[in-house]
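Residue numbers (the working numbering), protein chains in the order written: chain Y, 1 to 529; chain E, 1 to 193.
The C-beta atom is built at its ideal place from N, Cα and C for all residues, glycine as well.
A quick note: this is a predicted structure, and the numbers were derived from the prediction, not measured.
First comes the structure, then the notes that go with it.
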Amino acid sequence: MKNPNIKLLLGDEAVGQAGLDAGISGFYGYPGTPSTEIITYVQRAKISKERSIHTKWSVNEKTAMEEALGMSYAGKRSMVTMKHVGLNVAADAFINSAISGVNGGLVIAVADDPSMHSSQNEQDSRFYGKFAMIPVMEPSTQQEAYDMTRYAFDLSEKVKLPVLLRLTTRLAHSRSGVITGEPKDQNKLNPPDDTHRFILLPSNAKGRYASLVDMQPELVEISENSKYNKFLPGTDSSLGIIASGIGYTYLMDNYLENKNPYPTIKINQYPLPKKMIRELFQQCDKILIIEEGYPVIEELLRNNIFDDGKVIGKLSGDLPRTGELNSDIVAKALGMKIVDDLSIPDIVKGRPPAMCVGCGHRDLYDELNFLTKEIGKRRVFADIGCYTLGALPPYEAIDTCIDMGASITMAKGAADAGIFPAIAVIGDSTFTHSGITGLLDAVNENSPITVLISDNYTTAMTGGQDTAATGRIAEICRGLGVEEEHLKLIVPLKKNMEKNIEIIKNEINYQGVSVIIAQRECVKFYKKM
Amino acid sequence: MQDNIILAGVGGQGILSIAAVLAMGALSRGLYVKQSEVHGMSQRGGAVQSHIRISDKEIQSVLIPKGHANAIISVEPMEALRYVPWLNKEGWLVTNSEPYKIPEYPDLEDLKVELERFSNHIILDAGKLAKKAGNKRAANMVVLGAASPFLSLGEDAIIEGIKTIFSPKGTRMVELNMDAFNYGKEIAIKQVK
Numbered sequence: 001m002k003n004p005n006i007k008l009l010l011g012d013e014a015v016g017q018a019g020l021d022a023g024i025s026g027f028y029g030y031p032g033t034p035s036t037e038i039i040t041y042v043q044r045a046k047i048s049k050e051r052s053i054h055t056k057w058s059v060n061e062k063t064a065m066e067e068a069l070g071m072s073y074a075g076k077r078s079m080v081t082m083k084h085v086g087l088n089v090a091a092d093a094f095i096n097s098a099i100s101g102v103n104g105g106l107v108i109a110v111a112d113d114p115s116m117h118s119s120q121n122e123q124d125s126r127f128y129g130k131f132a133m134i135p136v137m138e139p140s141t142q143q144e145a146y147d148m149t150r151y152a153f154d155l156s157e158k159v160k161l162p163v164l165l166r167l168t169t170r171l172a173h174s175r176s177g178v179i180t181g182e183p184k185d186q187n188k189l190n191p192p193d194d195t196h197r198f199i200l201l202p203s204n205a206k207g208r209y210a211s212l213v214d215m216q217p218e219l220v221e222i223s224e225n226s227k228y229n230k231f232l233p234g235t236d237s238s239l240g241i242i243a244s245g246i247g248y249t250y251l252m253d254n255y256l257e258n259k260n261p262y263p264t265i266k267i268n269q270y271p272l273p274k275k276m277i278r279e280l281f282q283q284c285d286k287i288l289i290i291e292e293g294y295p296v297i298e299e300l301l302r303n304n305i306f307d308d309g310k311v312i313g314k315l316s317g318d319l320p321r322t323g324e325l326n327s328d329i330v331a332k333a334l335g336m337k338i339v340d341d342l343s344i345p346d347i348v349k350g351r352p353p354a355m356c357v358g359c360g361h362r363d364l365y366d367e368l369n370f371l372t373k374e375i376g377k378r379r380v381f382a383d384i385g386c387y388t389l390g391a392l393p394p395y396e397a398i399d400t401c402i403d404m405g406a407s408i409t410m411a412k413g414a415a416d417a418g419i420f421p422a423i424a425v426i427g428d429s430t431f432t433h434s435g436i437t438g439l440l441d442a443v444n445e446n447s448p449i450t451v452l453i454s455d456n457y458t459t460a461m462t463g464g465q466d467t468a469a470t471g472r473i474a475e476i477c478r479g480l481g482v483e484e485e486h487l488k489l490i491v492p493l494k495k496n497m498e499k500n501i502e503i504i505k506n507e508i509n510y511q512g513v514s515v516i517i518a519q520r521e522c523v524k525f526y527k528k529m
Numbered sequence: 001m002q003d004n005i006i007l008a009g010v011g012g013q014g015i016l017s018i019a020a021v022l023a024m025g026a027l028s029r030g031l032y033v034k035q036s037e038v039h040g041m042s043q044r045g046g047a048v049q050s051h052i053r054i055s056d057k058e059i060q061s062v063l064i065p066k067g068h069a070n071a072i073i074s075v076e077p078m079e080a081l082r083y084v085p086w087l088n089k090e091g092w093l094v095t096n097s098e099p100y101k102i103p104e105y106p107d108l109e110d111l112k113v114e115l116e117r118f119s120n121h122i123i124l125d126a127g128k129l130a131k132k133a134g135n136k137r138a139a140n141m142v143v144l145g146a147a148s149p150f151l152s153l154g155e156d157a158i159i160e161g162i163k164t165i166f167s168p169k170g171t172r173m174v175e176l177n178m179d180a181f182n183y184g185k186e187i188a189i190k191q192v193k
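Following this line, the structure appears as structure tokens:
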């Protein structure tokens with residue numbers, strides 16, 4: 001029968017619950033699929049209010065990372081959450097937090113998106129963990145996501161380093177029953193006495209970096225003895241297996257009825273446990289590496305120059321190099337038969353996502369596309385949000401989408417090169433995330449670009465989170481120095497189309513920075529305050 | 001005891017509610033459950049699916065291997081066919097008949113022929129039955145009801161799931177969704193006879 005302490009949680013939610021139970025004082029983050037639900041979960045939790053836990057969204061991943069580090073500096077436990085590409089934004093603070101070390105426990109929960117369900121690349125955050133030389137936890141199940149998050153806080157305080165918690169889409173966005181433990185009290189305010197380690201002047205940083213390097217054998221030792229890295233003996237030594245994170249569940253799914261005959265190491269903690277792996281190499285003829293994401297472990301273990309074929313996985317072609325794994329893919333690598341006799345009937349057509357009926361981005365794109373007829377080929381630089389869907393038919397209204405904020409800055413660079421007109425389309429949340437600084441660049445040179453800020457008062461793509469500057473976008477543009485006569489507000493509705501087209505046309509023709517703020521609340525998520 | 005179910009539909013059709021009902025139902029019986037969801041970009045009117053696995057033994061992969069689903073439950077007929085490589089030979093294909101159209105949507109007669117090629121199928125107008133229950137949006141519970149006779153997870157457990165999920169929204173919502181569920185179940189039983 002039902003266990004009263006069991007909760008049905010997404011992997012993300014299990015991480016949030018574990019954070020609450022680990023006595024966290026502050027969660028920081030910027031929404032990004034598949035990481036968003038860690039913070040939306042703790043925002044809904046009653047205990048967050050009761051304990052005055054910080055759960056408000058930050059402006060971007062870098063500010064979130066630094067805020068979390070500030071809380072850790074004060075001696076309290078904090079967590080920062082983001083999607084994999086968000087860690088690129090936070091990377092400066094992230095890498096340096098390993099040099100300074102932490103005071104209160106600090107866990108960076110990053111959700112990778114192999115198969116790019118909702119992303120621009122498949123980058124693997126374990127590389128960042130290795131780059132920063134800090135411990136990485138990679139749970140296989142929702143229960144482990146809970147347990148390892150709690151463990152990560154204790155580990156962080158023990159080694160005085162931040163700990164990276166790596167999730168992947170299928171773990172972050174799958175539910176399972178999770179047994180939760182007793183909640184812990186928050187840490188007391190306890191700023192550090194050895195404050196010089198937080199002043200990364202070269203003279204201090206050199207010493208800190210040397211001690212981080214010196215610590216590495218200790219981190220390996222901790223991994224070696226961690227209950228989260230397991231050597232599971234087997235009877236057939238023709239093959240040994242190393243399976244990490246969710247990859248382990250895809251392996252074991254093939255052994256529900258028959259026992260896995262191969263000696264196997266289940267990896268959930270990095271740096272890799274050397275002794276265990278050495279033993280596997282000595283016992284087995286071949287080693288199959290099963291890992292979700294990049295071939296991180298495989299690259300470390302195989303001899304790339306004189307490849308003797310001992311280590312197999314994604315680089316040898318036994319597993320696909322790109323995309324997510326699943327138990328069928330792993331079965332094939334193990335030489336097992338899979339059922340694959342039905343294919344998708346031809347009459348089934350693709351159904352890509354689209355902007356919602358009644359969405360203001362649609363009308364804005366209609367206006368922009370109408371102008372194409374008049375002014376001919378124009379380049380529209382966009383970036384990341386629901387408005388990226390304007391790239392798809394029937395709109396095909398944008399020409400670029402690279403990263404958050406790149407709309408304004410790429411338009412500026414293109415204008416510098418002589419492209420005219422250069423138009424940027426950016427959403428309100430993306431504008432505050434990383435569009436403001438680029439707009440200042442453009443203002444400083446009065447670059448001939450037209451910036452359309454499609455303001456729907458919310459962060460819609462990730463489910464309608466608050467934005468950092470609702471109602472203050474025009475004020476921010478003025479503050480940056482956008483000229484009053486080239487700062488326009490429009491409401492993208494059918495009835496205003498003619499008027500709006502005229503405004504957009506005039507501003508495109510202006511040889512300097514224009515900003516047009518198209519304001520219309522998100523049809524799906526905006527709730528009247 | 002084991003269920004491997006694929007839920008299918010279009011973003012916004014209530015796939016996640018079906019998943020939540022089944023998962024809560026399973027949990028209420030002390031069973032193991034794993035259930036995948038789709039969040040983010042695909043939720044904007046794209047094809048969405050959820051794998052849900054229920055068992056009295058520990059579950060490993062959250063994703064169902066191909067050929068191993070004992071049911072596809074779909075709120076949209078073309079979407080039901082998108083996941084047939086996952087259906088096993090004895091599996092049931094249960095779907096709403098009402099299309100959610102896109103520009104290249106297939107001919108409805110052709111679609112029907114494809115669906116009926118599966119010997120174990122239930123095709124029903126879930127929207128109409130949901131309207132009869134009080135709200136067209138309850139079509140998701142109608143298809144769940146229509147699939148319920150073919151699942152290992154008992155009806156009582158599913159009903160408990162419905163109560164758990166909808167009771168925060170009031171007793172009226174529980175009743176409406178229960179009615180939708182029952183209408184779907186009745187049609188399925190009739191069609192099988």
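Neighbour list for residue i in chain Y, Cβ cutoff strictly below 8 angstroms
i, result
"Val10 (chain E)", "Arg351"
"Tyr105 (chain E)", "Lys349"
"Ala23 (chain E)", "Leu8 and Arg175"
Beta-carbon neighbours of residue i, restricted to chain Y and to distances below 9 angstroms
i, result
"Pro65 (chain E)", "Asp253, Asn254, Asn326, Ser327, Asp328, Ala331, Ile338 and Val339"
"Val33 (chain E)", "Leu8, Arg175, Ser176 and Gly177"
Distance between residue j and residue i (C-alpha atoms, nearest Å)
i, j, result
"Val59 (chain Y)", "Glu66 (chain Y)", "11 angstroms"
"Ala172 (chain Y)", "Asn103 (chain Y)", "28 angstroms"
"Tyr510 (chain Y)", "Thr195 (chain Y)", "52 angstroms"
"Phe306 (chain Y)", "Gly161 (chain E)", "57 angstroms"
"Val523 (chain Y)", "Asp441 (chain Y)", "33 angstroms"
"Met1 (chain E)", "Tyr209 (chain Y)", "55 angstroms"
"Gly207 (chain Y)", "Arg197 (chain Y)", "9 angstroms"
"Gly86 (chain Y)", "Ile15 (chain E)", "29 angstroms"
"Leu536 (chain Y)", "Asp236 (chain Y)", "Not covered by the structure: residue 536 (chain Y). The range shown for chain Y is 1 to 529."
"Thr249 (chain Y)", "Asp56 (chain E)", "17 angstroms"
"Glu218 (chain Y)", "Glu291 (chain Y)", "24 angstroms"
"Ile165 (chain E)", "Asn177 (chain E)", "10 angstroms"
"Met529 (chain Y)", "Asp428 (chain Y)", "Residue confidence is low: Met529 (chain Y) scores 40 on pLDDT, short of 50, so the model does not pin down where it sits. Its coordinate-derived value is still stated next. Their Cα atoms are separated by approximately 17 angstroms."
"Glu37 (chain Y)", "Met461 (chain Y)", "13 angstroms"
"Gln120 (chain Y)", "Asn190 (chain Y)", "41 angstroms"
Proximal chain E residues relative to residue i, where beta-carbon distance stays under 9 angstroms
i, result
"Leu392 (chain Y)", "Under the 9 angstroms cutoff, chain E gives no residues; its nearest Cβ is about 10 angstroms from Leu392 (chain Y)."
"Cys386 (chain Y)", "Met41 and Arg44"
"Pro250 (chain Y)", "Note that residue 250 (chain Y) corresponds to Tyr in the displayed sequence, not to Pro. Those within 9 angstroms of Tyr250 (chain Y) in chain E are Gln60, Ser61 and Leu63."
Residue i (DSSP reduced to helix, strand or coil)
i, result
"His121 (chain E)", "strand"
"Arg126 (chain Y)", "helix"
"Ala177 (chain Y)", "Here residue 177 (chain Y) turns out to be Gly, not Ala, going by the sequence shown. In this structure, Gly177 (chain Y) counts as strand in the three-state DSSP scheme."
"Thr470 (chain Y)", "coil"
"Gly427 (chain Y)", "strand"
"Gly26 (chain Y)", "strand"
"Val339 (chain Y)", "coil"
"Arg166 (chain Y)", "strand"
"Glu104 (chain E)", "coil"
Contact set between residue i and chain Y, taken where Cβ atoms lie within less than 7 angstroms
i, result
"Leu27 (chain E)", "Lys2, Ile6, Leu8 and Gly177"
"Asp3 (chain E)", "Correct list: empty, because the minimum Cβ distance to chain Y is about 14 angstroms."
"Arg82 (chain E)", "Ile344 and Val348"
"Val192 (chain E)", "Within chain Y, no residue comes near Val192 (chain E); the closest Cβ sits about 22 angstroms away, beyond 7 angstroms."
Residue i: contacting residues in chain E (beta-carbon distance under 8 angstroms)
i, result
"Ala354 (chain Y)", "Arg44, Gly45 and Gly46"
"His117 (chain Y)", "Val38, Gly40, Met41 and Ser42"
Chain-ordered chain E contacts of residue i [CB-CB under 7 angstroms]
i, result
"Lys421 (chain Y)", "A small fix is needed here, since residue 421 (chain Y) is Pro in this sequence, not Lys. In chain order: nothing, as chain E lies at least about 28 angstroms away."
"Leu389 (chain Y)", "Arg44"
Strand pairing of residue i, partner residues [DSSP]
i, result
"Gly240 (chain Y)", "Y:Ile287"
Next on the checklist: With three or more C-beta pairs closer than 8 angstroms as the rule, is the region 444-457 of chain Y touching the region 22-40 of chain Y?
Outcome noted: no
Next on the checklist: With a threshold of 8 angstroms, are at least 3 pairs of Cβ atoms found where one atom belongs to the region 248-258 of chain Y and the other to the region 325-333 of chain Y?
Outcome noted: Enough Cβ pairs lie closer than 8 angstroms, so yes.
Next on the checklist: Under 8 angstroms: do the region 28-38 of chain E and the region 216-227 of chain Y share three or more Cβ pairs, one atom per stretch?
Outcome noted: Touching, no.
Checklist entry - Per the contact definition of three or more C-beta pairs closer than 8 angstroms, is the region 349-359 of chain Y in contact with the region 144-153 of chain Y? => result no
Checklist entry - Would the region 130-143 of chain Y and the region 45-57 of chain Y be scored as touching if the rule is three or more Cβ pairs under 8 angstroms? => result The region 130-143 of chain Y is not in contact with the region 45-57 of chain Y.
Checklist entry - So, do the region 161-169 of chain Y and the region 276-289 of chain Y have three or more beta carbon pairs nearer to each other than 8 angstroms? => result no
Next on the checklist: Would you call the region 153-164 of chain Y in contact with the region 315-325 of chain Y, where contact means no fewer than 3 C-beta pairs closer than 8 angstroms?
Outcome noted: no
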